[in-house]
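All remarks here apply to the structure that follows.
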Amino acid sequence: MALAALAAGVGAALLAAGRVDEPYQTADAPLALLVGWTFVASGLVAWRQRPGNRLGPVMIFTGFAWFATFLTDAHAGWPFTLGTAIQSVYLVGFVYLVLSFPTGRLRGRADMALIAGAIALVTVVEWTSLLFSESHAVLCDRCPPNVLLVERNDGLASGLLQLQRITGVALALLTVVLLVRRWRAATAAERRSVAPVLWAGSATVVVLAVSIANDVVGEPLGQLGKWALYCVFASVPIAVLVVLLQRRLARGAVAGLVVELGERADGTDLRDALARALGDPSLDVAYWFPSGDRYVDRDGQRIELPGPGTGRTATVVERDGQPIAALVHDSALAENAELVRSVCAAAALTLENERLQAALRARLAELQASRARLVEATETERRRIERDLHDGTQQRLVSLAMSLGLAESKLADDPGAAAPLVREARETLALALAELRELSQGIYPSLLTERGLGAALDDLCRRAALPATLDASLPVRLPQQVEAAAYFVTSEALANAAKHSHATEVRIRARLERGVLLVEIADDGIGGAGTGSGTGLRGLADRVEALGGRLTLSSPPGRGTTIRAEIPCA
Amino acid sequence: MRVVVADDAVILREGLARLLTEAGLEIAGLAGDADELVLLVERERPDVAIVDIRMPPTHTDEGLRAAKEIRARAPATGILVLSQHVRASYALELLSEGSEGVGYLLKERVSDLRELASSIERVAQGGSVLDPLVVEQLVGRSRAGDDPLEHLTAREREVLSLMAEGRSNKAIATRLFVTEHTVEKHVKSIFATLRLPLSPDDHRRVLAVVTYLDAR
Chain A
22 MALAALAAGV
32 GAALLAAGRV
42 DEPYQTADAP
52 LALLVGWTFV
62 ASGLVAWRQR
72 PGNRLGPVMI
82 FTGFAWFATF
92 LTDAHAGWPF
102 TLGTAIQSVY
112 LVGFVYLVLS
122 FPTGRLRGRA
132 DMALIAGAIA
142 LVTVVEWTSL
152 LFSESHAVLC
162 DRCPPNVLLV
172 ERNDGLASGL
182 LQLQRITGVA
192 LALLTVVLLV
202 RRWRAATAAE
212 RRSVAPVLWA
222 GSATVVVLAV
232 SIANDVVGEP
242 LGQLGKWALY
252 CVFASVPIAV
262 LVVLLQRRLA
272 RGAVAGLVVE
282 LGERADGTDL
292 RDALARALGD
302 PSLDVAYWFP
312 SGDRYVDRDG
322 QRIELPGPGT
332 GRTATVVERD
342 GQPIAALVHD
352 SALAENAELV
362 RSVCAAAALT
372 LENERLQAAL
382 RARLAELQAS
392 RARLVEATET
402 ERRRIERDLH
412 DGTQQRLVSL
422 AMSLGLAESK
432 LADDPGAAAP
442 LVREARETLA
452 LALAELRELS
462 QGIYPSLLTE
472 RGLGAALDDL
482 CRRAALPATL
492 DASLPVRLPQ
502 QVEAAAYFVT
512 SEALANAAKH
522 SHATEVRIRA
532 RLERGVLLVE
542 IADDGIGGAG
552 TGSGTGLRGL
562 ADRVEALGGR
572 LTLSSPPGRG
582 TTIRAEIPCA
Chain B
140 MRVVVADDAV
150 ILREGLARLL
160 TEAGLEIAGL
170 AGDADELVLL
180 VERERPDVAI
190 VDIRMPPTHT
200 DEGLRAAKEI
210 RARAPATGIL
220 VLSQHVRASY
230 ALELLSEGSE
240 GVGYLLKERV
250 SDLRELASSI
260 ERVAQGGSVL
270 DPLVVEQLVG
280 RSRAGDDPLE
290 HLTAREREVL
300 SLMAEGRSNK
310 AIATRLFVTE
320 HTVEKHVKSI
330 FATLRLPLSP
340 DDHRRVLAVV
350 TYLDAR
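Residue numbers (this note's numbering), protein chains in the order written: chain A, 22 to 591; chain B, 140 to 355.
Given below as structure tokens:
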């Protein structure tokens, strides 16, 4: 390809040297050749760097199309006509290059319409005008004959030429508008990655527009303008190279990052270092918190990773197959996935350290929250007991005292009237006792103390509102707190099943495995249960976690609810 | 009839003694814990020992353990266990070691002196007494699948519950205002429906019925 480009260049140089139309300009041909070679060379480099990206081929195409314009300098009719026919094709390649940078793909309808317009202009309009152009009249004084001429029509030919030029200026201005709009909408990271190309491209388009506009009004820019056009035009592939090189340099930033992390004092912010290395000031670092099954920030607060379409991308950093953190960065960085990967690899160890600290903070925050909830739950429970005692038992005892007092006053003169009062007193007392029994059972199940978890669970099953079966294998007594937690989990689960699940049956399994008590309560109901505030499960989870255990809920809709508590008994 | 009372709460112990004396029973002694009770029973050989289930030192099921020991050392003494809570499992445990002369009642039943005296009487005569609430728990227990109790009539279920409480046919007849003969017919029908071997003995059938109810 490089050889072909060289040959094309030499061919073009020869053509230019034999040019008949204008006097030979010393700097003209070498500069023009340099433009073509710059395009082809940059295209080759880009193609090698990013084989999947169209930018490389587009630049190579633009380079060759540029050389093809030199055919207009040929002496024979056919090559001259061919050269004239395709003399503006390189502009399409160029506009495509600028618009599609850095992805190599057009974005949106405006881009596509613009390219379609440009293609029409350099092909259909150009060729139509050729059919009516007599070389010497319209194209140039001493050119070879136009072999495509069908019928000479000077007016129509120059009219079409003029139309082509005016439309060309309009398209050039439209291109500038699109580029400016793109720039304004770009994020910092995007701007960083497209700036040189965008500036060089815009400059070229502006100069091009000025040059064509001058042609339209009949005052060509002359040699100086041509040189300026060549220079800015050639600067576009150079800008592309600069951006590519910058990415190389960014990879150098990884080395800098490694050094910085190595020398890191505690004060240095890892996020800032990563943001510098990646060139994305908006970077966020999310640390994986396995026991909470979520990502947290440095302070242990929950972080949600961005979804698609948010303009942000999360790159997960793994160590030994386990996620340790996620870098939440501008989606534009995904263009430079290699850099992100290198930064991730370089920072993995430090991220792991930070993750441990973040996880510690998250755990601490969880503990504080759970402790607060436990205190709150105790308070609530006390208030409930106080209310039950006050509203129930106390009232009954007061009424009992009154009945007895009344009976006492009747005894002396009307013993017959005392009997119903005493009976009434006894009935009230029976109610008070029943209430007290319920209440004390709710406060703490005495069976648990007396006979242990197995018996207490059996008792729960007997009293359950739903048919419940127990499969317990608990040969030894467990620590009191463990038994109590397991009991209350089961009790709550049974109550929830009866209230919400529409189940026909509940199965309870309890066993001790390697020093860990496993209790599982499974119903065959509708599922779809959550750990919402109404279920009381949150408080029980706190209780289980306070013992170093875990409470898990599995409740797929239509597939029943299973609550599982694992509590270490050590 | 001579009884001993064991309860760690003085107020209950003394109150019960007064109540029982009022009902015409002779109080042979009072005990504050299980060990004291066992010694007392061995010394006094009363007709019935009335035992609180929760006593020192652990306040768990000392009463039940004392009952077992009394069974072994003084088989002639009936045992009536009083409990603050309804525990079908305790009742079954008690009955399973021999249902003759044992009873399990909620503590608050002491408020009905006549019923209490009658229960003590039944235990003394070698019968079984089971608290109605315990029976209710056993009968009312929800059960997956086909429940044989569904095949009983309402009246039959009533008779079944009273049987489980340890009442004789005669007592059941009195309570339901029917003849003893009618009760016998109900009992036969119940045993046939539940496919239980018919037991001629009022006392022994309690265990059969209760075990059946629990195992169903």
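All C-beta atoms, glycine included, are put in the ideal place defined by N, C-alpha and C.
Helix or strand or just coil, what does DSSP make of residue 589 (chain A)? As a first step, residue 589 (chain A) must be located in the first sequence, where it is residue number 568. Correct three-state label for residue 589 (chain A): strand.
Whole-angstrom distance between residue 516 (chain A) and residue 576 (chain A), CA atom to CA atom: Position 555 of the first sequence, counting from 1, holds the residue named residue 576 (chain A). Position 495 of the first sequence, counting from 1, holds the residue named residue 516 (chain A). About 16 Å.
Cα-Cα, which of B:249, B:246, B:280 and B:241 is closest to residue 266 (chain B)? Locating residue 266 (chain B) in the second sequence gives position 127, where the first residue counts as 1. For the residues B:249, B:246, B:280 and B:241, the minimum Cα distance to residue 266 (chain B) belongs to B:241.
According to DSSP, which residues form a beta bridge with residue 350 (chain A)? As a first step, residue 350 (chain A) is located in the first sequence; it is residue number 329 there, counting from the start. Answer by DSSP bridge pairing, in chain order: A:334.
So what does residue 141 (chain B) bridge to, in DSSP terms? If you number the second sequence from 1, residue 141 (chain B) lands on position 2. In the DSSP secondary-structure assignment, residue 141 (chain B) is bridged to B:165.
Can you find a C-beta in chain B that's less than 9 Å from the C-beta of residue 643 (chain A)? In the structure as shown, chain A starts at 22 and stops at 591, and residue 643 (chain A) therefore has no counterpart that could be examined.
Stretch pair the segment 87–101 of chain A + the segment 127–142 of chain A: three plus CB contacts closer than 8 Å: Cβ pair count under 8 Å is below three, so no.
According to DSSP, is residue 339 (chain A) part of a helix, a strand, or is it coil? Counting from one through the first sequence, the residue named residue 339 (chain A) turns up at place 318. Strand at residue 339 (chain A).
Which residue wins for smallest C-alpha separation from residue 356 (chain A), given the options A:380, A:64 and A:264? Residue 356 (chain A) sits at position 335 when you count from the first residue of the first sequence. The shortest C-alpha separation from residue 356 (chain A) is found at A:264.
Express the C-alpha separation of residue 181 (chain A) and residue 225 (chain A) in angstroms, rounding to a whole number. Numbered from 1 along the first sequence, position 204 holds the residue referred to as residue 225 (chain A). Numbered from 1 along the first sequence, position 160 holds the residue referred to as residue 181 (chain A). Using only the alpha carbons, I get a separation of about 24 Å.
Mind listing, in chain order, the continuous alpha helix (DSSP H) runs of no fewer than 4 residues lying wholly within the segment 459–515 of chain A? Complete alpha helix (DSSP H) runs here, min 4: 467–472 and 474–484.
Specify, as a first and last residue, the run of the alpha helix (DSSP H) that residue 559 (chain A) falls within. As a first step, residue 559 (chain A) is located in the first sequence; it is residue number 538 there, counting from the start. Element bounds for residue 559 (chain A): 558–567.
Collapsed DSSP secondary structure at residue 281 (chain B) in the structure displayed: By 1-based counting over the second sequence, the position of residue 281 (chain B) is 142. Coil.
Might you give, ordered along the chain, the residues of its own chain that have their beta carbon closer than 7 Å to the beta carbon of residue 233 (chain B), omitting 5 neighbours on each side? Residue numbering aside, residue 233 (chain B) sits at position 94 when the second sequence is read from its first letter. Cβ contact annotation for residue 233 (chain B) (same chain, cutoff 7 Å, sequence separation greater than five): 203, 206, 220, 241 and 243, in chain order.
Given 8 Å, three or more beta-carbon pairs between the segment 486–500 of chain A and the segment 531–544 of chain A: Yes: at least three Cβ pairs fall under 8 Å.
Give me, in chain order, the residues of the same chain whose beta-carbon lies closer than 6 Å to that of residue 592 (chain A); leave out the 5 immediate sequence neighbours on both sides. Since the first and last residues shown for chain A are 22 and 591, residue 592 (chain A) lies out of range.
Express the C-alpha separation of residue 156 (chain A) and residue 174 (chain A) in angstroms, rounding to a whole number. For the purposes of this step, residue 174 (chain A) is taken as residue 153 along the first sequence, with counting starting at 1. For the purposes of this step, residue 156 (chain A) is taken as residue 135 along the first sequence, with counting starting at 1. Note on geometry: alpha-carbon atoms of residue 174 (chain A) and residue 156 (chain A) lie some 11 Å from one another.
Alpha carbons only, please: which of A:316, A:60 and A:449 is nearest the one belonging to residue 252 (chain A)? Sequence index remark: in the first sequence, residue 252 (chain A) carries index 231 (1-based). Ranked by Cα distance from residue 252 (chain A), the options A:316, A:60 and A:449 are led by A:60.
Residues in the same chain with beta-carbon distance under 6 Å from residue 152 (chain B), minus the five sequence neighbours each way, listed in chain order, please. Here residue 152 (chain B) refers to the residue found at position 13 when the second sequence is read from its first residue. Within the same chain, residue 152 (chain B) has close Cβ partners 144, 146 and 169.
N-terminal and C-terminal residue of the beta strand (DSSP E) that residue 219 (chain B) is part of: What you label residue 219 (chain B) is simply residue 80 of the second sequence in a count that begins at 1. Per DSSP, residue 219 (chain B) belongs to the beta strand (DSSP E) from 217–222.
Coarse secondary structure for residue 541 (chain A), derived from DSSP in three states: Position 520 of the first sequence, counted from the first residue, corresponds to residue 541 (chain A). Looking at residue 541 (chain A) - three-state DSSP - the assignment turns out to be strand.
Would you kindly work out how many angstroms separate the C-alpha atoms of residue 186 (chain A) and residue 274 (chain A), rounded to a whole number? For the purposes of this step, residue 186 (chain A) is taken as the residue at position 165 of the first sequence. For the purposes of this step, residue 274 (chain A) is taken as the residue at position 253 of the first sequence. C-alpha of residue 186 (chain A) to C-alpha of residue 274 (chain A): approximately 46 Å in a straight line.
Run the CB neighbour count on residue 276 (chain B), radius 10 Å, all protein chains shown included, and call it buried at 16 or more, exposed below. Residue 276 (chain B) sits at position 137 when you count from the first residue of the second sequence. Classification of residue 276 (chain B): buried, given that the 10 Å Cβ count is 16 or more.
Can you give the Cα-Cα distance for residue 380 (chain B) and residue 189 (chain B), rounded to whole angstroms? This structure cannot speak to residue 380 (chain B), because chain B is shown only from 140 to 355.
By the DSSP assignment, the beta strand (DSSP E) with residue 573 (chain A) in it spans what residues? The residue given as residue 573 (chain A) occupies position 552 in the first sequence. Looking at the DSSP string, the run of the beta strand (DSSP E) that includes residue 573 (chain A) is 571–575.
For a contact defined as C-beta to C-beta under 8 Å, what are the partners of residue 235 (chain B) on chain A? Numbered from its first residue, the second sequence carries residue 235 (chain B) at position 96. For residue 235 (chain B), no chain A residue has a Cβ inside 8 Å of its Cβ, as the nearest lies near 14 Å away.
Cβ-Cβ separation, residue 178 (chain A) to residue 214 (chain A) (assumed contact under 8 Å), whole Å: Indexing the first sequence from 1 puts residue 214 (chain A) at position 193. Indexing the first sequence from 1 puts residue 178 (chain A) at position 157. Going by Cβ atoms, the distance from residue 214 (chain A) to residue 178 (chain A) rounds to 45 Å, so no, they are not a contact pair.
Answer yes if the segment 397–407 of chain A comes into contact with the segment 422–433 of chain A, meaning at least three C-beta pairs across the two stretches below 8 Å, and no otherwise. As far as the Cβ criterion goes, the segment 422–433 of chain A does not touch the segment 397–407 of chain A, which means the pair count is below three.
Sorted by chain position, which residues of the same chain lie with C-beta nearer than 8 Å to residue 296 (chain B)'s C-beta, five sequence neighbours on each side aside? Taking the second sequence and counting its residues from 1, one reaches residue 296 (chain B) at position 157. The residues are 278 and 288.
Would you grab the beta carbon distance between residue 545 (chain A) and residue 525 (chain A) for me? Rounded to a whole angstrom, and I think it's under 8 Å. Within the first sequence, numbered from 1, the residue matching residue 545 (chain A) stands at position 524. Within the first sequence, numbered from 1, the residue matching residue 525 (chain A) stands at position 504. So it is a contact: roughly 6 Å between Cβ atoms.
Contacts around residue 457 (chain A), its chain only, beta-carbon distance under 6 Å, and the 5 residues preceding and following it disregarded: Position 436 of the first sequence holds residue 457 (chain A). Hits under 6 Å: 414.
Just to make sure I have the definition right: I need the residues of chain A whose C-beta is within less than 8 Å of the C-beta of residue 200 (chain B). Which are they? Counting from 1 along the second sequence, the entry for residue 200 (chain B) is found at position 61. In chain order: 471 and 472.
Interface residues of chain B around residue 544 (chain A) at Cβ under 9 Å? On the first sequence, residue 544 (chain A) is found 523 positions in, with the first residue counted as 1. What residue 544 (chain A) touches in chain B: nothing, since even the nearest Cβ is about 11 Å away.
Is the beta carbon of residue 71 (chain A) sitting closer than 9 Å to the one on residue 77 (chain A)? Taking the first sequence and counting its residues from 1, one reaches residue 71 (chain A) at position 50. Taking the first sequence and counting its residues from 1, one reaches residue 77 (chain A) at position 56. Yes; because the gap between Cβ atoms is below 9 Å, this pair is in contact.
Is there a Cβ from chain A that is less than 9 Å from the Cβ of residue 281 (chain B)? Against the second sequence, residue 281 (chain B) aligns to sequence position 142. Taking 9 Å as the threshold, the shortest C-beta distance from residue 281 (chain B) to chain A falls below it.
Just to make sure I have the definition right: I need the residues of chain B whose C-beta is within less than 7 Å of the C-beta of residue 479 (chain A). Which are they? Sequence index remark: in the first sequence, residue 479 (chain A) carries index 458 (1-based). Simply 228.
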